[in-house]
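Numbering (our numbering), first residue to last: 6 to 110. Just so you know, even glycine gets a beta-carbon here, dropped at the ideal spot from N, CA and C. The model shown is predicted, which means the values in this text are computed figures rather than measured ones. To keep things clear, I will list the structure first and then write my remarks on it.
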Amino acid sequence: GDECAFYWLNLMMDTTVGVGISFCFLKASERICGYSSGSYVAAEDYTPVEVEETGAGKGEAPPAALPSFWAWAGQISVWCGLVVLTKSCIFGLLIAFAGVLVPAA
């Protein structure tokens, strides 16, 4: 196999198997670290406010808490680590199954 075959295999493995691996790693990190991905408001900064207390009209949402830069930075750091771990797994799979995958490419 040449470089093009390896590139194609890497791309296909990354966009299929890699997505599943990343999802599993993300859900595991949420359970271990105790956060909810995509939520950038620190738990101590969020207090639900009733619409009547804010003076908002009917159907208007109460003002939301501002997102926390540090909550976002922590989550993006964890995600970058998970991507590196996923890429390492994909590389390991490609090396382990090179004899089967390269001729198929």
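In terms of residues, what are the limits of the alpha helix (DSSP H) holding residue i?
i     : result
Thr91 : 74-101
Gly39 : Where Gly39 is concerned, there is no enclosing alpha helix (DSSP H), given that its DSSP letter is neither H nor E.
In three-state DSSP terms, what is residue i?
i      : result
Asp7   : coil
Met17  : helix
Tyr45  : coil
Ala110 : coil
Leu31  : helix
Inter-stretch contact at 8 Å, needing at least 3 Cβ pairs: the region 33-48 / the region 98-108: no
Sufficient close CB pairs (3 or more, under 8 Å) joining the region 76-92 to the region 19-33: yes
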